[in-house]
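Written out below as structure tokens is the structure these notes cover.
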Amino acid sequence: MSAKSPSITLNNGVQLPVIGLGVFQSPPAETAGAVEAAIATGYRLIDTAAAYANEREVGEGLRRSGVGRDEVFIETKVWISDYGYDATLHAFDKNARKLGVDQLDLLLLHQPLPSAFDRTLEAYRALEKLLADGRVRAIGVSNFMPEHLERLLSSASVVPAVNQIEVHPFFQQKALQRVHAKHGITTQAWSPIGGITAYRGLEKNSFADPKLLEIAREHEKSAAQVMLRWHLQHGRSAIPKSVKPARIAENFAVLDFELTREQLAAIDALDTGVRGGPEPETITLESYGRPIPEA
Numbered sequence: 023m024s025a026k027s028p029s030i031t032l033n034n035g036v037q038l039p040v041i042g043l044g045v046f047q048s049p050p051a052e053t054a055g056a057v058e059a060a061i062a063t064g065y066r067l068i069d070t071a072a073a074y075a076n077e078r079e080v081g082e083g084l085r086r087s088g089v090g091r092d093e094v095f096i097e098t099k100v101w102i103s104d105y106g107y108d109a110t111l112h113a114f115d116k117n118a119r120k121l122g123v124d125q126l127d128l129l130l131l132h133q134p135l136p137s138a139f140d141r142t143l144e145a146y147r148a149l150e151k152l153l154a155d156g157r158v159r160a161i162g163v164s165n166f167m168p169e170h171l172e173r174l175l176s177s178a179s180v181v182p183a184v185n186q187i188e189v190h191p192f193f194q195q196k197a198l199q200r201v202h203a204k205h206g207i208t209t210q211a212w213s214p215i216g217g218i219t220a221y222r223g224l225e226k227n228s229f230a231d232p233k234l235l236e237i238a239r240e241h242e243k244s245a246a247q248v249m250l251r252w253h254l255q256h257g258r259s260a261i262p263k264s265v266k267p268a269r270i271a272e273n274f275a276v277l278d279f280e281l282t283r284e285q286l287a288a289i290d291a292l293d294t295g296v297r298g299g300p301e302p303e304t305i306t307l308e309s310y311g312r313p314i315p316e317a
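Printed below as a string of structure tokens:
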């Protein structure tokens with residue numbers, strides 16, 4: 023990994039860069055350019071998903087960057103429609119072909135699917151097989167709550183390396199993060215700068231919060247940079263998303279300052295417990311199932 027991009031050691035020894043580019047809701051036509059700009063800036067982690075419908079463009083951006091495949095950490099996710107042992111093995115083939123790679127660095131189950139959790143367990147068994155075969159370097163989950171993790175861990179052979187969840191100053195999921203720490207699971211934050219609080223029109227907007235703006239002024243940084251630094255100092259990986267080169271560069275420029283203990287505590291105190299994204303229990307095949315196209 024680039025020296026510019028510090029990393030976290032996962033529970034199987036794989037190195038996960040702390041800051042990555044997320045491409046959720048990134049239009050396919052703008053995704054390749056965003057990935058290319060991010061890699062040129064110094065990012066060495068790109069996060070996508072089958073359900074985002076832009077894996078091909080992520081692969082194109084990777085190729086256009088001119089940076090070797092072994093220098094960039096690529097993670098993607100299996101959608102609930104492809105859960106089940108054989109279906110998930112095939113989902114990997116679709117992921118890899120669209121991305122134009124032979125091996126994935128991290129493959130996640132995108133949602134717990136509690137309404138059909140037997141399919142989730144079979145999907146995770148397929149991830150374990152892909153890991154054993156060397157087709158993926160690490161496996162994990164996304165949006166799993168404590169009860170989902172406990173059910174998974176009761177039958178899994180491999181502890182997930184990562185749980186990617188909504189974490190920002192206004193929704194911190196501290197109890198879930200304690201479960202992660204207990205089992206050696208790395209927390210990776212989606213919507214790490216609270217973008218969801220802005221586009222969902224929630225009562226609290228992270229970009230306008232007086233305390234975050236005050237801390238930002240003290241460091242001559244933006245509120246977004248302060249939030250990303252908060253994640254890093256708490257040992258999390260974060261995947262802010264943007265397709266704008268200037269914003270992509272701003273989000274990466276968080277390695278040259280440090281928040282004080284008092285500032286970290288002040289941000290910790292902003293937690294409202296209000297989730298911005300959907301409740302995991304509401305993600306069902308009936309409501310959200312849709313076929314993922316072949317490669």
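Throughout, my numbering is defined as the position within the sequence shown, counted from one, plus 22.
Think of the CB as a built atom: it goes at the ideal place given N, C-alpha and C, for glycine as much as any other residue.
What you are looking at is a predicted structure, and each value in this text was computed from that prediction instead of being measured.
P313 sits exposed, since fewer than 16 C-beta atoms from the chains shown fall within 10 Å of its C-beta. Classified as buried, R66 has 16 or more neighbouring CB atoms from the shown chains inside 10 Å of its CB. Contact between the region 43-57 and the region 223-232 is absent: fewer than 3 CB-CB pairs across the two stretches fall below 8 Å. Counting only runs that start and end inside the region 220-270, the alpha helix (DSSP H) elements of at least 4 residues fall at 232-241, 245-255.
Between the alpha carbons of A118 and K196 lies a distance of about 34 Å. In terms of CA proximity to Q247, L234 leads the group D124, L234, G88, A148. Under the DSSP assignment, A287 falls in the alpha helix (DSSP H) whose first and last residues are 283-290. Counting C-beta atoms within 10 angstroms of its own C-beta, D124 has fewer than 16 neighbours from the protein chains shown and is therefore classed as exposed. For H132, same chain residues with a beta-carbon under 8 Å away, outside a window of 5 residues either side, are A71, A72, A73, K99, V100, W101, I102, S164, N165 in chain order.
Comparing C-alpha distances from L307 to each of D92, K116, I41, F139 shows the shortest one belongs to F139. Take A60, set aside five residues on each side of it, and the residues of its chain with a beta-carbon closer than 6 Å to its own are L43, I270, in chain order. Contact between R157 and L128 is absent: CB atoms are separated by about 12 Å, not below the 8 Å threshold. Runs of alpha helix (DSSP H) with 4 or more residues, each lying fully within the region 152-226, are found at 168-175, 196-205, 217-221, listed in chain order. Listed as beta-bridge partners of F95 by DSSP are L67. The alpha carbon of V94 has as its nearest neighbour, out of G55, S27, G311, I207, the alpha carbon of S27. Sequence-distant Cβ neighbours of E272 in its own chain, meaning closer than 8 Å and more than five residues away, are S244, A246, Q247. I41 sits in a strand when the DSSP states are folded into three classes.
Relative to G35, the option among G311, A56, I161 whose CA is nearest is I161.
A contact between stretches requires three or more CB pairs, one per stretch, nearer than 8 Å, and the region 284-303 fails this requirement with the region 73-85.
At a Cβ-Cβ threshold of 8 Å, E236 and S213 do not count as neighbours. Contact check for P134 and P302: beta-carbon distance about 5 Å, within the 8 Å limit, so the pair qualifies.
Each residue's CA atom was taken as its position, placing L111 and A317 some 14 Å apart. Looking from the CA of A220, the closest CA among Y310, Y105, V57, G298 belongs to G298.
Around the Cβ of P232, a 10 Å sphere holds fewer than 16 other Cβ atoms; the residue is exposed.
In the same chain as L153, and ignoring 5 residues on each side of it, the C-beta atoms closer than 6 Å to its own belong to I161, in chain order. With contacts defined as CB atoms closer than 8 Å, T208 and V184 qualify as a contacting pair. By the Cβ neighbour-count rule, V296 is exposed, with fewer than 16 other Cβ atoms within 10 Å of its own. One Cα belongs to D278, the other to H241, and the distance between them is close to 10 Å. The criterion of a C-beta distance shorter than 8 Å is satisfied by S29 and V40.
Only residues of its own chain outside the window of five on either side were considered, and among them G81 have a CB closer than 6 Å to the CB of G122, listed in chain order.
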